[in-house]
């Protein structure tokens, strides 16, 4: 017998609820705002470069993203942007932060089913308060044993989360839409990863190849398929 | 015999290292920036109002503060502020985020002494990544069993931290410079609080009165006095 599965970790943004669509919408409006100065392609390219330069210092999340948007706008317009346009960028930050949480179909049923047999934990990254607010608004908090908001998702942060939760990694399955943040670090540690792609993947989260050959890697089209797959993994581990 | 003391919680900013002095310096520069439009008193007043309006959505920390500074500057200048001046505000955000950590005197000796007898945990609020970076830069992480970055410090968040750390509140002492965030919630839960005031207290952290009459409340002038006080508390609890 291999290790039993005891604990399931869930990413939140774009795994349990829509998130990247808000950024997509923001990018559209942002490109319109700067359209008298540059084409969309240039705006997107320079914004992404600014975000990457600021990532180490600002971290993930809407507030750091907004600061990068303001900087990029000043830079790309040679300081010609009008302060009221900068105010629009901040207003849109506020709009994103206060946006309702739109759950994916079947999420509640799936979590209810799984939480009767497994310990569920939520592992997210981004602005602490923003993540906490979304969890509260989602109405899903009661299904989870606890929530971990981390500043980055990598081998070290998962090891820390599992150690604090007293879960051996062999008993752990992580579910998420990002191969880079949700799946690969957990596979590297010796756990299981179930990838459920979202319609949009942020450039920074893209990886070159999918680890199809890895024994502990699985891919699903929708979260509704999750309970059956978990049952299969558990049965295989019992062999 | 009362409960033994097993765990000591430390606030970080303005308890282990200087922080509010960076904001003080920022306020000075910010008032200078806007001095052709308004006097310092008006600038400070409107900035604080904006911060308080944004607090629920932006949370604590330098990035949210910076967004409030930009908004206030646009508002107070009727949109006359120049984009390069807004860039200065963002540059100063970057300066604050990358500033070296300046430890208070005696902090290392005190933590080393206490960590041999007690479990030490760090409980801070603010931007997740910024707090983690400061902890890393401080060189103090090894003294702590673990670190909790919370979005706000209140009765609920301390209860959650203690539950996750499996510490009964009666065995817990919290050390910090803010009565509102570090001391009162812990006293309300039934723990001990040791207040070590800093030279500057942010308006939002001020409380009307100090709980001198509370049995579990103590006040010190400097962290160097902490080991002796802890010893006294432990001895009294053993009576």
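Residue numbers (this note's numbering), protein chains in the order written: chain A, 1 to 239; chain B, 1001 to 1239. Where is the CB? At the ideal position from N, CA and C, for every residue including glycine.
Among the residues of its own chain, which have a CB less than 7 angstroms from the CB of residue i, if the five just before and after it don't count?
i: residue 96(A); result: 22, 26, 62
i: residue 203(A); result: 48
i: residue 1119(B); result: 1006, 1007, 1145
i: residue 112(A); result: 143
i: residue 1171(B); result: 1003, 1004, 1005, 1006, 1007
i: residue 37(A); result: 76, 77
i: residue 1227(B); result: 1110, 1113, 1114
i: residue 1198(B); result: 1014, 1020, 1177
i: residue 1220(B); result: 1194, 1196, 1226, 1229
i: residue 1029(B); result: 1092
i: residue 1214(B); result: 1187
i: residue 1205(B); result: 1178, 1180, 1181
i: residue 81(A); result: 73, 74
Provide the residue(s) that pair with residue i in DSSP beta bridges, ordered along the chain.
i: residue 17(A); result: 13(A), 103(A)
i: residue 1121(B); result: 1009(B), 1146(B)
i: residue 1175(B); result: 1010(B), 1194(B)
Just reading off the beta strand (DSSP E) that residue i is part of, what are its end residues?
i: residue 219(A); result: 217-219
i: residue 147(A); result: 146-150
i: residue 1214(B); result: From DSSP, residue 1214(B) is part of no beta strand (DSSP E); its letter is neither H nor E.
For residue i, count the other beta carbons within 10 Å of its own beta carbon; 16 or more makes it buried, fewer makes it exposed. Which is it?
i: residue 1174(B); result: buried
i: residue 1190(B); result: exposed
i: residue 1132(B); result: buried
i: residue 148(A); result: buried
i: residue 1109(B); result: exposed
i: residue 1066(B); result: buried
i: residue 1139(B); result: exposed
i: residue 12(A); result: buried
i: residue 212(A); result: exposed
i: residue 73(A); result: buried
i: residue 241(A); result: In the structure displayed, chain A extends from 1 to 239; residue 241(A) sits before or after that span and is not available.
Taking C-beta to C-beta, are residue i and residue j nearer than 8 angstroms?
i: residue 218(A); j: residue 185(A); result: no
i: residue 1123(B); j: residue 1193(B); result: no
i: residue 5(A); j: residue 233(A); result: yes
i: residue 39(A); j: residue 177(A); result: no
i: residue 144(A); j: residue 121(A); result: yes
i: residue 1024(B); j: residue 1200(B); result: yes
i: residue 17(A); j: residue 102(A); result: yes
i: residue 83(A); j: residue 1079(B); result: yes
i: residue 1161(B); j: residue 1150(B); result: yes
i: residue 1035(B); j: residue 1050(B); result: no
i: residue 1223(B); j: residue 1106(B); result: yes
i: residue 1086(B); j: residue 183(A); result: no
i: residue 128(A); j: residue 1055(B); result: no
i: residue 57(A); j: residue 1164(B); result: no
Excluding the five sequence neighbours on either side, which residues of its own chain have a C-beta within less than 8 angstroms of the C-beta of residue i, listed in chain order?
i: residue 242(A); result: Here chain A has residues from 1 to 239 only, and residue 242(A) is not among them.
i: residue 1099(B); result: 1022
Where do the N-terminal and C-terminal ends of the alpha helix (DSSP H) with residue i fall, by residue?
i: residue 184(A); result: 184-189
i: residue 64(A); result: 62-76
i: residue 1236(B); result: 1226-1238
i: residue 1084(B); result: 1083-1097
i: residue 154(A); result: Careful: residue 154(A) lies outside any alpha helix (DSSP H) and carries neither H nor E.
i: residue 136(A); result: 128-138
i: residue 1046(B); result: 1040-1058
Give me, in chain order, the residues of the same chain whose beta-carbon lies closer than 6 angstroms to that of residue i; leave out the 5 immediate sequence neighbours on both sides.
i: residue 60(A); result: 125, 126
i: residue 188(A); result: 155
i: residue 1019(B); result: 1013
i: residue 1207(B); result: 1179, 1180
i: residue 1134(B); result: 1101
i: residue 1141(B); result: 1135
i: residue 1167(B); result: 1007
Under 7 angstroms: does the beta carbon of residue i sit that close to some heavy atom of the ligand MG?
i: residue 1018(B); result: Absence of the ligand MG from the depicted structure is noted, as is the absence of any ligand whatsoever, leaving it without description.
Going along chain E in order, which residues have a C-beta closer than 8 angstroms to the C-beta of residue i?
i: residue 64(A); result: Among the protein chains of the structure shown, namely A and B, there is no chain E.
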